[in-house]
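*Asks:* Quick one: structure below, then a few questions.
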Amino acid sequence: EADIYQTPRYLVIGTGKKITLECSQTMGHDKMYWYQQDPGMELHLIHYSYGVNSTEKGDLSSESTVSRIRTEHFPLTLESARPSHTSQYLCASSKPLDNSPLHFGNGTRLTVT
Amino acid sequence: LAKTTQPISMDSYEGQEVNITCSHNNIATNDYITWYQQFPSQGPRFIIQGYKTKVTNEVASLFIPADRKSSTLSLPRVSLSDTAVYYCLVVIYNTDKLIFGTGTRLQVFP
Numbered sequence: 001e002a003d004i005y006q007t008p009r010y011l012v013i014g015t016g017k018k019i020t021l022e023c024s025q026t027m028g029h030d031k032m033y034w035y036q037q038d039p040g041m042e043l044h045l046i047h048y049s050y051g052v053n054s055t056e057k058g059d060l061s062s063e064s065t066v067s068r069i070r071t072e073h074f075p076l077t078l079e080s081a082r083p084s085h086t087s088q089y090l091c092a093s094s095k096p097l098d099n100s101p102l103h104f105g106n107g108t109r110l111t112v113t
Numbered sequence: 114l115a116k117t118t119q120p121i122s123m124d125s126y127e128g129q130e131v132n133i134t135c136s137h138n139n140i141a142t143n144d145y146i147t148w149y150q151q152f153p154s155q156g157p158r159f160i161i162q163g164y165k166t167k168v169t170n171e172v173a174s175l176f177i178p179a180d181r182k183s184s185t186l187s188l189p190r191v192s193l194s195d196t197a198v199y200y201c202l203v204v205i206y207n208t209d210k211l212i213f214g215t216g217t218r219l220q221v222f223p
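Quick note, the sequences are listed as chains A and B, same order. Using the numbering used here, you'd call the opening residue of the first sequence number 1 and step up by one each time. Using the numbering used here, you'd call the opening residue of the second sequence number 114 and step up by one each time.
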């Protein structure tokens with residue numbers, strides 16, 4: 001039933017590398033989100049978007065950036081990866097209506113060595 | 114922001130009904146209560162959402178008392194595949210942020 005896709009599923013990368021985590025959805029949802037989750041811990045909102053050309057920072061300070069050039073695509077970029085960026089990154093989308101449930105992807109598990 | 118409190122973990126056996134209670138004392142008039150389920154290595158999945166009284170769908174029921182300061186997710190006849198983390202969230206009206214707590218880790222035994 002996955003209509004929201006994240007790639008890669010797993011990524012191991014060295015310190016200092018630039019990486020982009022991809023997120024695409026086929027549901028035509030206007031709202032998209034990025035959450036960060038460490039193992040066994042809660043999710044923290046790091047970025048969200050209301051639609052094309054809209055990006056907002058979430059509650060957790062993040063050194064990542066996002067872009068929203070197309071409705072279906074919401075990539076997250078780390079310019080210079082550090083071991084502290086090791087985490088799971090979850091992308092989600094929802095309809096523009098208030099209280100619409102979020103649809104999550106299966107995440108990208110990032111390890112920075 | 115309306116903070117939620119729920120048990121860290123619960124154990125159950127197959128076939129039993131499981132009730133997970135969440136408290137949200139600071140819920141505002143127009144806020145909704147919603148529950149998500151998360152399996153290991155997957156993103157959370159929406160289960161159910163409600164405003165007051167009782168909501169039921171094919172997988173769960175949600176009971177919300179009149180004061181709305183708490184809610185109870187009820188899972189009828191759980192199976193091993195219901196082992197997961199369950200998150201209770203208050204969806205703040207007219208915002209685009211969902212605040213996830215630490216959730217309740219449900220373990221179902223055979």
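Glycine included, C-beta positions come from ideal geometry on N, C-alpha and C.
I need the straight-line Cα distance from residue 201 of chain B to residue 173 of chain B, nearest angstrom please.
*Replies:* In a straight line, the C-alpha of residue 201 of chain B is about 13 angstroms away from that of residue 173 of chain B.
*Asks:* Rounded to whole angstroms, how far is the Cβ of residue 48 of chain A from the Cβ of residue 32 of chain A, which I believe are closer than 8 angstroms?
*Replies:* Right, their Cβ atoms sit about 7 angstroms apart.
*Asks:* Go ahead and label residue 194 of chain B buried or exposed: buried means 16 or more other beta carbons lie within 10 angstroms of its beta carbon, across all protein chains shown.
*Replies:* Classification of residue 194 of chain B: exposed, given that the 10 Å Cβ count is below 16.
*Asks:* May I have a chain-ordered list of the beta strand (DSSP E) segments no shorter than 3 residues that lie completely inside the segment 175–215 of chain B?
*Replies:* DSSP runs (the beta strand (DSSP E)) wholly in the segment 175–215 of chain B: 183–188, 197–204.
*Asks:* Hey, how far is the Cα of residue 145 of chain B from the Cα of residue 206 of chain B?
*Replies:* Computed Cα separation, rounded: 7 angstroms.
*Asks:* I need the straight-line Cα distance from residue 152 of chain B to residue 191 of chain B, nearest angstrom please.
*Replies:* If I take the Cα positions, the gap works out to 15 angstroms.
*Asks:* With distances taken Cα to Cα, identify the nearest neighbour of residue 112 of chain A among A:23, A:10, A:91.
*Replies:* Nearest of A:23, A:10, A:91 to residue 112 of chain A, Cα basis: A:10.
*Asks:* Would you identify the three-state DSSP class for residue 47 of chain A, choosing helix, strand or coil?
*Replies:* The answer is strand: DSSP assigns residue 47 of chain A an E or B state.
*Asks:* Just to make sure I have the definition right: I need the residues of chain B whose C-beta is within less than 9 angstroms of the C-beta of residue 104 of chain A. Which are they?
*Replies:* Correct list: 149, 151, 155, 156, 157, 158, 159.
*Asks:* Taking 8 angstroms as the limit between beta carbons, can you name the residues of its chain near residue 123 of chain B, skipping five residues before and five after?
*Replies:* Contacts found: 131, 133, 217, 218, 219, 220.
*Asks:* Can you tell me whether residue 103 of chain A is helix, strand or coil according to DSSP?
*Replies:* If DSSP states are grouped into helix, strand and coil, residue 103 of chain A belongs with the strands.
*Asks:* Out of B:156, B:142, B:213, point me to the one whose CA is closest to residue 45 of chain A's CA.
*Replies:* Closest option to residue 45 of chain A, Cα to Cα, is B:213.
*Asks:* How big is the Cα-Cα spacing for residue 89 of chain A and residue 182 of chain B?
*Replies:* About 31 angstroms.
*Asks:* Does the distance from the C-beta atom of residue 23 of chain A to that of residue 36 of chain A stay below 7 angstroms?
*Replies:* No, the pair does not count as a contact, with Cβ atoms beyond the cut-off.
*Asks:* Show which residues of chain B have a CB atom less than 8 angstroms away from the CB atom of residue 75 of chain A.
*Replies:* Simply none; closest approach about 17 angstroms.
*Asks:* Do residue 42 of chain A and residue 215 of chain B have their C-beta atoms within less than 7 angstroms of each other?
*Replies:* Contact: yes.
*Asks:* Give the single residue among A:100, A:86, A:55, A:103 whose Cα lies nearest to the Cα of residue 17 of chain A.
*Replies:* Closest by alpha carbon: A:86.
*Asks:* Roughly how far, in whole angstroms, is the beta-carbon of residue 21 of chain A from the beta-carbon of residue 75 of chain A, given that I think they are within contact range, below 8 angstroms?
*Replies:* The Cβ separation is near 7 angstroms, so the contact holds.
*Asks:* Using a C-beta cutoff of 7 angstroms, does residue 101 of chain A count as contacting chain B?
*Replies:* At least one chain B Cβ lies under 7 angstroms of residue 101 of chain A.
*Asks:* Helix, strand or coil: how does DSSP classify residue 29 of chain A here?
*Replies:* In this structure, residue 29 of chain A counts as coil in the three-state DSSP scheme.
*Asks:* Between residue 204 of chain B and residue 106 of chain A, what straight-line distance do the alpha-carbon atoms span, to the nearest angstrom?
*Replies:* Approximately 22 angstroms, taken between the alpha carbons.
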